[in-house]
Amino acid sequence: MTHKFFHANISTMDPIVLYKILQIRTAVFVVEQHCPYPELDGRDLEPDSEQVWVTVDDEIAGTIRILRDSDALRIGRVVVAAKHRGTGVARELFTYALERCANINPDSKLVLDAQAPLQDWYGSFGFEPVGEIFMEDGIPHITMER
394 MTHKFFHANI STMDPIVLYK ILQIRTAVFV VEQHCPYPEL DGRDLEPDSE
444 QVWVTVDDEI AGTIRILRDS DALRIGRVVV AAKHRGTGVA RELFTYALER
494 CANINPDSKL VLDAQAPLQD WYGSFGFEPV GEIFMEDGIP HITMER
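Each residue of the sequence shown is one higher than the last, beginning at 394 in my numbering.
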(Lines of atoms letter the chains of each structure in order from A; the text may use other names.)
(Lines give C-alpha, C1' and ligand atoms only; values in the text may rest on other atoms or scores of the structure.)
Protein backbone atom coordinates (compact mmCIF):
# COMPACT_ATOMS: atom_id res chain seq x y z
CA MET A 394 0.00 0.00 0.00
CA THR A 395 1.27 3.43 -0.94
CA HIS A 396 0.65 6.26 1.53
CA LYS A 397 0.90 9.88 0.43
CA PHE A 398 0.44 12.93 2.64
CA PHE A 399 -0.93 16.32 1.60
CA HIS A 400 -1.85 19.68 3.10
CA ALA A 401 -3.63 22.73 1.71
CA ASN A 402 -5.98 25.57 2.49
CA ILE A 403 -9.41 24.83 1.05
CA SER A 404 -9.13 27.79 -1.32
CA THR A 405 -6.44 25.89 -3.24
CA MET A 406 -7.85 22.37 -2.97
CA ASP A 407 -9.35 20.27 -5.71
CA PRO A 408 -13.10 20.36 -4.94
CA ILE A 409 -13.38 16.59 -5.26
CA VAL A 410 -10.67 16.08 -2.62
CA LEU A 411 -12.39 18.57 -0.32
CA TYR A 412 -15.71 16.81 -0.86
CA LYS A 413 -14.18 13.45 0.06
CA ILE A 414 -12.57 14.91 3.19
CA LEU A 415 -15.87 16.39 4.32
CA GLN A 416 -17.59 13.12 3.46
CA ILE A 417 -15.25 11.15 5.77
CA ARG A 418 -15.67 13.68 8.58
CA THR A 419 -19.46 13.56 8.31
CA ALA A 420 -19.56 9.77 8.01
CA VAL A 421 -17.61 9.35 11.24
CA PHE A 422 -18.45 12.34 13.43
CA VAL A 423 -22.14 12.66 12.55
CA VAL A 424 -23.36 9.28 11.29
CA GLU A 425 -21.11 6.68 12.96
CA GLN A 426 -20.97 8.49 16.30
CA HIS A 427 -24.71 9.34 16.17
CA CYS A 428 -23.91 12.97 16.85
CA PRO A 429 -25.99 15.54 14.96
CA TYR A 430 -23.93 18.70 15.22
CA PRO A 431 -22.72 21.43 12.85
CA GLU A 432 -19.71 19.60 11.37
CA LEU A 433 -19.25 22.46 8.92
CA ASP A 434 -18.55 25.14 11.53
CA GLY A 435 -17.04 27.83 9.29
CA ARG A 436 -13.49 27.44 10.58
CA ASP A 437 -12.40 25.52 7.47
CA LEU A 438 -12.92 28.79 5.59
CA GLU A 439 -10.39 30.74 7.68
CA PRO A 440 -7.62 31.93 5.36
CA ASP A 441 -4.85 30.33 7.44
CA SER A 442 -6.55 27.01 8.18
CA GLU A 443 -5.09 23.85 6.69
CA GLN A 444 -6.54 20.52 5.77
CA VAL A 445 -4.10 17.63 6.12
CA TRP A 446 -4.88 14.26 4.59
CA VAL A 447 -3.42 10.91 3.72
CA THR A 448 -4.23 8.70 0.78
CA VAL A 449 -3.78 4.96 0.71
CA ASP A 450 -3.50 3.69 -2.84
CA ASP A 451 -4.96 7.02 -4.05
CA GLU A 452 -8.02 6.81 -1.74
CA ILE A 453 -8.39 9.39 1.05
CA ALA A 454 -7.97 7.39 4.24
CA GLY A 455 -7.90 10.11 6.89
CA THR A 456 -7.78 13.81 7.56
CA ILE A 457 -6.91 16.43 10.18
CA ARG A 458 -7.60 20.14 10.40
CA ILE A 459 -5.06 22.68 11.69
CA LEU A 460 -6.33 26.07 12.84
CA ARG A 461 -4.49 29.11 14.09
CA ASP A 462 -5.95 30.36 17.33
CA SER A 463 -4.61 33.54 18.90
CA ASP A 464 -2.37 31.67 21.37
CA ALA A 465 -1.83 28.25 19.75
CA LEU A 466 -2.18 25.99 16.77
CA ARG A 467 -5.35 23.94 17.20
CA ILE A 468 -5.48 20.41 15.85
CA GLY A 469 -8.93 18.99 15.24
CA ARG A 470 -11.22 16.88 13.13
CA VAL A 471 -8.76 13.99 13.43
CA VAL A 472 -10.42 11.12 11.63
CA VAL A 473 -9.58 7.95 9.73
CA ALA A 474 -12.09 6.07 7.60
CA ALA A 475 -13.31 2.86 9.26
CA LYS A 476 -11.63 0.51 6.80
CA HIS A 477 -8.21 2.06 7.52
CA ARG A 478 -8.37 1.93 11.32
CA GLY A 479 -5.92 -0.38 13.02
CA THR A 480 -3.44 -0.13 10.14
CA GLY A 481 -1.15 2.52 11.65
CA VAL A 482 -2.30 5.15 9.17
CA ALA A 483 -3.74 7.33 11.96
CA ARG A 484 -0.37 7.47 13.72
CA GLU A 485 1.39 8.30 10.44
CA LEU A 486 -1.15 11.00 9.61
CA PHE A 487 -0.92 12.56 13.06
CA THR A 488 2.88 12.55 12.89
CA TYR A 489 2.68 14.33 9.54
CA ALA A 490 0.26 16.91 11.01
CA LEU A 491 2.69 17.58 13.87
CA GLU A 492 5.45 18.14 11.31
CA ARG A 493 3.17 20.62 9.50
CA CYS A 494 2.58 22.45 12.79
CA ALA A 495 6.34 22.67 13.35
CA ASN A 496 6.73 24.13 9.85
CA ILE A 497 3.95 26.66 10.45
CA ASN A 498 5.35 27.83 13.79
CA PRO A 499 7.94 25.72 15.62
CA ASP A 500 7.46 27.71 18.84
CA SER A 501 3.69 27.48 18.98
CA LYS A 502 1.79 25.64 21.67
CA LEU A 503 -0.38 22.85 20.22
CA VAL A 504 -3.91 22.35 21.54
CA LEU A 505 -6.62 19.80 20.82
CA ASP A 506 -9.89 18.66 22.32
CA ALA A 507 -9.56 14.87 22.43
CA GLN A 508 -12.40 12.47 22.76
CA ALA A 509 -11.68 11.23 26.29
CA PRO A 510 -11.09 7.55 25.37
CA LEU A 511 -8.25 8.68 23.07
CA GLN A 512 -6.38 10.57 25.79
CA ASP A 513 -3.61 7.94 26.04
CA TRP A 514 -3.20 7.85 22.25
CA TYR A 515 -2.64 11.62 22.10
CA GLY A 516 -0.46 11.32 25.19
CA SER A 517 1.87 9.06 23.21
CA PHE A 518 2.63 12.14 21.07
CA GLY A 519 3.49 14.27 24.10
CA PHE A 520 0.09 15.85 24.72
CA GLU A 521 -0.99 16.33 28.33
CA PRO A 522 -4.48 16.95 29.66
CA VAL A 523 -5.40 20.40 30.91
CA GLY A 524 -8.62 20.88 32.80
CA GLU A 525 -11.40 18.41 33.35
CA ILE A 526 -13.37 16.14 31.05
CA PHE A 527 -16.29 17.99 29.49
CA MET A 528 -19.20 16.97 27.31
CA GLU A 529 -19.28 18.22 23.75
CA ASP A 530 -22.15 17.12 21.54
CA GLY A 531 -22.86 14.25 23.93
CA ILE A 532 -19.28 12.87 23.82
CA PRO A 533 -16.77 13.23 26.68
CA HIS A 534 -13.72 15.31 25.65
CA ILE A 535 -10.63 16.66 27.33
CA THR A 536 -8.44 19.57 26.26
CA MET A 537 -4.82 18.55 25.77
CA GLU A 538 -1.69 20.62 25.07
CA ARG A 539 1.85 20.08 23.92
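A virtual CB, placed ideally from N, CA and C, is assigned to each residue, including glycine.
Computed from a prediction, not measured in an experiment: that's the story for all the values here.
Query: Rounded separation between Asp451 and Arg493 - CA only; Result: 21 Å
Query: Touching by the beta-carbon criterion (3+ pairs, under 8 Å), the region 420–430 and the region 452–464; Result: no
Query: Gln508 and Ile532 closer than 8 Å at C-beta; Result: yes
Query: Three-state secondary structure assigned by DSSP to His396; Result: strand
Query: Contained alpha helix (DSSP H) runs [length at least 4] in the region 401–437, N- to C-terminal order; Result: 408–418
Query: For Ile535 and Gly524, the rounded distance between their alpha carbons; Result: 7 Å
Query: Under the three-state DSSP convention, the category Pro543 falls into; Result: No answer is possible for residue 543: the residues shown for the chain start at 394 and end at 539.
Query: Enclosing beta strand (DSSP E) for Gly455 [first to last residue]; Result: 452–461
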